[in-house]
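Peer 1: Quick one: this structure, given as structure tokens, is what I'll be asking you about.
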Amino acid sequence: MNSLQHIINRRDWENPISVQVNQVKAHSPLNGFKSVEHARTNTQPQKQCLNGQWDFKLFDKPEAVDESLLSETLNSNWQSITVPSNWQLHGFDKPIYCNVKYPFAVNPPFVPSDNPTGCYRTEFNISESQLTQRNHIIFEGVNSAFHLWCNGQWVGYSQDSRLPSEFDLSELLVAGTNRIAVMVIRWSDGSYLEDQDMWWLSGIFRDVNLLTKPQNQIRDVFITPDLDACYRDATLHIKTAINAPNNYQIAVQVFDGEQALCEPQIQNTNNKRVDEKGGWSDVVFQTIDIQSPKKWTAETPYLYRCVVSLLDDQGNTIDVEAYNIGFRKVEMLNGQLCLNGKPLLIRGVNRHEHHPENGHTVTTADMIEDIKLMKQNNFNAVRTAHYPNHPRFYELCDELGLYVVDEANIETHGMFPMGRLASDPQWAGAFMSRYTQMVERDKNHASIIIWSLGNECGHGANHDAMYGWSKSFDPSRPVQYEGGGANTTATDIICPMYARVDTDIKDDAVPKYSIKKWLSLPGETRPLILCEYAHAMGNSLGSFDDYWQAFREYPRLQGGFIWDWVDQGLSKTDENGKHYWAYGGDFGDELNDRQFCINGLLFPDRTPHPSLFEAKYSQQHLQFTLRELNQNQYTIDVFSDYVFRHTDNEKLVWQLMQNGICVEQGEHVLNIAPQSTHTLTIKTKTAFEQGAQYYLNLDVALVNDSHFANANHVMDSEQFKLINSNNLSSKLFVSSSEQNAISVSETDSQLSIENDKFKLVFSKQSGLIEQWLQNDTPVISSPLVDNFYRAPLDNDIGVSEVDNLDPNAWEARWLRAGIGQWQRTCSSIHAVQSSVDVRITCVFNYEFNGVLQAQTQWLYTLNDTGNISLNIDVHLNDTLPPMPRIGLSTTVSKQSDTKINWLGLGPFENYPDRKAAARLGYYSLSLNELHTPYIFPTDNGLRSDCQLLSINNLTVTGAFLFAASEYSQSTLTQAKHTNELIADDCVHVHIDHQHMGVGGDDSWSPSTHKEYLLEQKQYSYSLTFSAK
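Numbering (our numbering), first residue to last: 4 to 1031.
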């Protein structure tokens, strides 16, 4: 029986053995071209796209689905939905975000009885001629499981949301209108294998197509390129699976554009391959030798077109398939991952398929944007975390040039133990199916250089079986898998996640060594490529450059994949119509992992985080050395880290900077062979002024448009310090030649210092400035005060929950110490006047719960111009944890045209452990431009290594870091989304002597490196303030 009730009673969605019913065997993508020319030009594929508006109804469980799903007419309770899409983003049901834990009780293979079930219906037309052929419907992605009906007849069942589900409808179709119905079930036993740190979203979210092919047809093609020992000449191995009589033929041609590289290579279909394993009557094996083809690499993604034709006994073309191919060879040589005989350095990133409005539905334009942005920022590799991507993505990686780690749709992170299902034979078929079908679909892509068995599901016999099958089926590619310790027998590459550069992470079950130590373990000869590293959650990526110094120093450390590419925020609007990016818990999903899906290098709309610039700089292909420095002449070595391409589209643009301003510039053409050094000499005419500081800026930009970026896009950059200046503070703190007398007066409550240019009034009780006027104009809006607090970063919060703080996290340690809550009192204030200045000394005590936590002494020195030299000594309690910052803060008035000008590192946000990409210069930005709108608000907008800051009529000089914002640190701490940030009518100015690093090796342990922790208990610093 195939009635609706009978199908529901089967409960395939709770049977790990029933992963596919009546589904067509996996194969490489097919198009059913009618001619060689159509195949060569990829035109007129015999596919009918069924995307569009479908009828839809959501039921609360499969058992609630009624017969309207299969009826010829619909009742009024059905609505319309776009296919492809996720139904939660169209007002049905709710999105759920979890990182590790499952959003339901763990009891495999069983899932909740309350199990939202989306029913879809659509119609399409079939011609009489199509009925004489085979017609397959292909669902590229459905989450998480579904049953299919055609014209009221049950067709089959499928799960695995990230791979095609293909069914033969040929016997069920009629000429004219045909109706299909799909019952999509949100939770299935397959959900236990898809616990992948992303939104749980449901529906038909990828394309649906109807493929029409002749009865006699090509069923699959496997094309394996190979290179000779010199990596010069190539051989293509073509394996073609067919449904055809024995007297047919297979013809193979290879094209370079319009030019055929060889005559058609023809093989009879009745020529069986027989060996001790048996023979095939439906598979044809062929080889083609190609002399000196251009080689495919991510740097030089040259593609050819391989066309495979099925000919009948009269030589007529019956069916044609074609694939873009790249001639390349992946090998392990001398403990290194090599391509075409050369070791690779993986500049990789993990990428989820995510769109802020469309969820897991991504378009070709979305994919192209991501790949181009990766290339523009010096990435050369992507890991399809943690599932096979849309098939179009791989075609684009082939064309545009990215190395791909193709990952099976398997993760059981929330299981305990994690590898429980990996060792369960009942689940072996599900594991194997997900891996083998991925390989079968994607096997012809040049960009795929590594297969991955999945992510975070322990290690067990099922992985060993997958690995064994892979090495037999496709020995041309290595296999990686991190589970079970990153170095099991099921991986050809040591591929840990979040291993540190120099520090071991203690774990008795699965040791995680430093990446340097791992290579030296006895008997270990494999390369190490981090499958995940540098957790880019919010304000992060501190000490990233340390990894790249190690990668460049140790040949078997071959890079890694940053976690991850884009913040997985979903667009949402609050009750006031204000837009914000939503994360876990924002849709009423009570079981959630909050903002842990917000850890990308880019915001959801693909605008960059400041951390992206750090990654781009650290990974850049050109390395610069200032070899010889003479005034007006500089000799520079430029080393090209490209492995395969000449820099034939690059120019070096140089700028001579004086006190942060460009005073001279020029260009040099760069044409550097791979792995070679080019020496150039830059000659300038500028005469250096005494006391000025000079830097040489270098930018390598594209001369012409490339396939991923426009002309003048900068790929590589560097800055060299040439001459240091004198301290700017000493230049500004000079007395007036007019000798304007300063008067000092006191009352019981105030201390006043003034002349005809300025007035400064201190409170004798608080020790703070109550008024500062320069030429009768206010300079500051609130007093200068000590500042030790920052709004906690994601990396400061660790794994804290709203009601359960992580005791080891920086935020929890600061809260226990009361940082941000200290009570300030002034223990003394007194003034001393001399003939040239006035000195005011204030001592402040800071207590928490009756215990003295800090004492600071402020020494103001005022001259007759109103300039202030401020010296601050800080003494901290020995029991305090490392401090967030040591500095001071104030506010100034906010004006509509307020600009912040500074001489220091910029122009983008930078922190002490994330400033390698920033340059010293003189910059001017608005408050909005200074602010980084992290989705989960935190401290942001810092600029390091500053010498001068100017806001309104206030100027600060010295050596400091600063941030200026419309938002207070308290507002940033309390807000959980950007729409909750309420701008103040003033500018909050933070001037730091020192600021703790942001960390970023991971986000769940205190990862800020020791050299960027503020562990001292005494600090002294000086600043100069002036006003106009």
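All C-beta atoms, glycine included, are put in the ideal place defined by N, C-alpha and C.
1) Taking C-alpha atoms, which residue in D995, S927 and A704 lies nearest to W905?
2) Considering just the uninterrupted stretch of the alpha helix (DSSP H) at K519, what are its terminal residues?
3) Report yes if the C-beta distance between D507 and Y516 is below 8 Å; otherwise report no.
4) Report the residue from S295, N128 and L264 whose alpha carbon sits nearest the alpha carbon of R308.
5) Helix, strand or coil: how does DSSP classify F761 here?
6) For I11 and Y123, which I take to be in contact (beta-carbon distance under 8 Å), what is that distance rounded to the nearest angstrom?
7) Check V27 in the structure and name its three-state DSSP category.
8) Indicate whether S784 and V959 have their beta-carbon atoms separated by less than 8 Å.
9) Kindly identify the DSSP beta-bridge partner or partners of Q636.
10) Cα separation between N542 and W1007?
11) Please specify which runs of the beta strand (DSSP E), each continuous and at least 3 residues long, are wholly inside the stretch 885 to 945, giving them in chain order.
12) Considering only the beta carbon of each residue, do F95 and L53 sit closer than 8 Å?
13) Just mark P810 as buried or exposed, buried being the case when its beta carbon has 16 or more other beta carbons within 10 Å.
14) Buried or exposed for R350, going by 16 or more other Cβ atoms inside 10 Å?
15) Which runs of the beta strand (DSSP E), 3 residues or longer, sit entirely within the stretch 179 to 212?
16) On a Cα-Cα basis, can you pick out the residue from P514, K378 and Q658 that is closest to T689?
17) Does DSSP classify M469 as helix, strand or coil?
18) Quick one: what's got a C-beta closer than 8 Å to S971's C-beta in the same chain, skipping five residues either side?
19) Going by CA-CA distance only, name the one from M999, G1002 and Y937 that's closest to T976.
20) Looking only at its chain, what residues have a beta carbon closer than 6 Å to the beta carbon of H240, apart from the 5 residues adjacent to it on each side?
21) Taking the alpha-carbon positions, what's the H30 to E443 distance?
22) If I measure Cβ to Cβ from P19 and keep anything under 6 Å in the same chain, skipping five residues before and after, which residues do I get?
23) With T227 as the anchor, note down where its alpha helix (DSSP H) starts and where it stops.
24) Please go through the same chain and pick out, in chain order, the residues whose beta-carbon is closer than 7 Å to the beta-carbon of L964, but skip the five residues on each side of it.
25) At 4 residues or longer, and completely inside the stretch 468 to 553: list those alpha helix (DSSP H) runs for me, N to C.
26) Using 10 angstroms around the beta-carbon of A966, count the other beta-carbons present and answer buried if the total reaches 16, otherwise exposed.
27) Nearest-angstrom Cα distance between L930 and Q753?
28) Are at least three pairs of beta-carbons, each pair with one atom in the stretch 795 to 804 and one in the stretch 1001 to 1018, less than 8 Å apart?
29) The alpha helix (DSSP H) with T135 in it runs from where to where?
30) Give me the Cα-Cα distance between G457 and K519, rounded to the nearest whole angstrom.
31) Which same chain residues end up closer than 6 Å to V764 when comparing Cβ atoms and leaving out the 5 residues on each side of it in sequence?
32) Which of the three DSSP states is assigned to M441 in this structure?
33) CA-CA distance, S621 and K918?
34) What is the rounded straight-line gap between the Cα of R609 and the Cα of N353?
35) In whole angstroms, what separates the C-alpha of L1026 from that of L865?
36) Only counting the same chain, and skipping five residues up and downstream in sequence, which positions put a Cβ closer than 6 Å to that of A493?
Peer 2: So, from the data block:
1) The option with the nearest alpha carbon to W905 is S927.
2) First-last of the alpha helix (DSSP H) with K519: I518 to L522.
3) Yes, the Cβ-Cβ distance between D507 and Y516 is below 8 Å.
4) The option with the nearest alpha carbon to R308 is L264.
5) It is a strand residue.
6) No, I11 and Y123 are not in contact; Cβ-Cβ is about 16 Å, not under 8 Å.
7) In the structure shown, V27 sits in coil (DSSP, three-state: anything other than H, G, I, E or B).
8) No, they are not a contact pair.
9) In DSSP, Q636 forms a bridge with N633 and K686.
10) If you draw a straight line from the Cα of N542 to the Cα of W1007, it is about 14 Å long.
11) Qualifying beta strand (DSSP E) stretches, in chain order: 888 to 896, 902 to 909 and 922 to 929.
12) Cβ distance not < 8 Å, so F95 and L53 don't count as in contact.
13) It counts as exposed.
14) Buried.
15) Fully enclosed beta strand (DSSP E) runs of 3 or longer: 179 to 188 and 201 to 203.
16) Selected option, being the one with the closest Cα: Q658.
17) It is helical.
18) Correct list, in chain order: D987 and H991.
19) Looking at M999, G1002 and Y937, the one whose alpha-carbon comes closest to that of T976 is Y937.
20) Contacts found: T227 and T290.
21) The C-alpha of H30 lies about 5 Å from the C-alpha of E443.
22) Answer for P19: P112, D192, Q429, W430 and A433, listed in chain order.
23) Note, T227: premise wrong, no alpha helix (DSSP H); beta strand (DSSP E) at Q220 to L230.
24) Close CB contacts of L964 within its chain, under the 7 Å cut and outside five residues either way in sequence, are with L945, R946, S947, C949, D995 and H998 (chain order).
25) Secondary structure remark: continuous alpha helix (DSSP H) runs of at least 4 residues inside the stretch 468 to 553, in chain order: 518 to 522.
26) Buried.
27) L930 and Q753 have their alpha carbons spaced roughly 34 Å apart.
28) The answer is yes - the stretch 1001 to 1018 touches the stretch 795 to 804, with three or more Cβ pairs under 8 Å.
29) Looking at the DSSP string, T135 is not in any alpha helix (DSSP H), and its letter there is neither H nor E.
30) Taking the CA atoms as reference points, G457 sits about 25 Å from K519.
31) Around V764: Q753, S755, E773 and Q774.
32) Three-state DSSP puts M441 in a helix.
33) Our two residues, S621 and K918, have alpha carbons roughly 11 Å apart in a direct line.
34) One C-alpha to the other measures close to 15 Å.
35) Here the alpha carbons of L865 and L1026 stand approximately 12 Å from one another.
36) Cβ neighbours of A493 beyond the five flanking positions: H466, D467, Y470 and Y484.
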